[in-house]
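Just so we're on the same page, my numbering is the position in the sequence shown counted from 1, plus 10. From the three backbone atoms N, C-alpha and C, an ideal C-beta is built for every residue, glycine too.
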Amino acid sequence: MDTFLNTLHSYNRYLVLAAMVFVLIRSYNGWLNRKPFEKADNTASVALLGLAHLQALIGLIMYAFTSTWTQTAFANFGAAMKDPMQRYFAVEHISAMLIAVALIQVGRTLSKKASDDVSKHRKLAIYTSIALVIIVGTLAQKGLLFGSLS
């Protein structure tokens with residue numbers, strides 16, 4: 011089960027990153043060129059949010075139930091904090107990713123509530139950009155952006 015979830019989590023990361031890039035291109039283009047917020051913009055942000063929530067759900071299941079990294083860390087949390095990889099998976103990775111998903115959610119919610127199209131694009135661009143920086147920075151820190159531990 012852990013191998014299946016890890017593979018799914020690993021491949022879905024690329025879908026999340028691709029959706030983020032797509033949303034960022036559309037939102038910066040709409041913001042800077044003062045374009046209307048179209049159905050495609052809404053669909054892209056909904057798709058990104060769905061993929062991000064799926065990624066978080068898979069990650070939380072792994073974190074709580076199947077990951078050997080976190081199970082080992084939970085057995086002796088003090089020792090885990092001294093091991094960089096255990097600390098990364100027990101604390102750093104999950105914290106950063108949940109913050110990133112929350113930022114994607116907030117950006118989507120604020121863009122829906124914005125009164126004009128440029129504000130919708132701007133809010134999506136800003137919040138998605140911050141989330142992308144957090145995700146890329148956290149994954150790159152341990153070489154997980156383009157690879158995996160398995």
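Span of the alpha helix (DSSP H), counted from its first residue to its last, around residue i
i, result
"F32", "12 to 42"
"L120", "103 to 123"
"G60", "49 to 71"
"M95", "94 to 97"
"D127", "127 to 151"
"A89", "87 to 90"
For residue i, three-class secondary structure by DSSP
i, result
"S160", "Confidence at S160 is low in this model, with a pLDDT of 48, below 50, so its placement is unreliable and the value that follows should be read with caution. In the structure shown, S160 sits in coil (DSSP, three-state: anything other than H, G, I, E or B)."
Nonlocal neighbours in the same chain, by C-beta distance under 7 angstroms from residue i, ignoring five residues either side
i, result
"S77", "D12, F99"
"H103", "T148"
Sequence-distant residues of its chain with Cβ nearer than 6 angstroms to residue i (five each side left out)
i, result
"K152", "Y98"
"A29", "A57, L58, L61"
"L34", "T138"
Beta carbon proximity, residue i to chain B, threshold 8 angstroms
i, result
"Y137", "Protein chain content of the structure displayed is limited to a single chain, and chain B is not contained in it."
Chain-order list of residues whose beta-carbon lies under 8 angstroms from that of residue i (same chain, five-residue window excluded)
i, result
"L18", "I68"
"P46", "G40, D127"
> Can at least three beta-carbon pairs, one atom from the region 114 to 132 and one from the region 48 to 55, be found at a separation below 8 angstroms?
Replying inline: With the cut-off at 8 angstroms, the region 114 to 132 and the region 48 to 55 touch.
> Taking contact to mean at least 3 C-beta pairs separated by less than 8 angstroms, is the region 93 to 107 in contact with the region 138 to 151?
Replying inline: Contact holds: three or more Cβ-Cβ distances are below 8 angstroms.
>> Measuring CB atoms only, is the region 62 to 73 touching the region 22 to 31, in the sense that at least three cross pairs come out at less than 8 angstroms?
In response: Contact between the region 62 to 73 and the region 22 to 31 is present, because at least three Cβ pairs lie under 8 angstroms.
> How about the region 33 to 47 and the region 129 to 139: do they share at least three Cβ pairs that are nearer than 8 angstroms?
Replying inline: Yes, since at least three Cβ pairs between the region 33 to 47 and the region 129 to 139 fall closer than 8 angstroms, the two stretches touch.
>> Does the region 107 to 116 come into contact with the region 134 to 144, if we say contact requires no fewer than three beta-carbon pairs (one atom in each stretch) closer than 8 angstroms?
In response: At 8 angstroms Cβ cutoff, the stretches touch.
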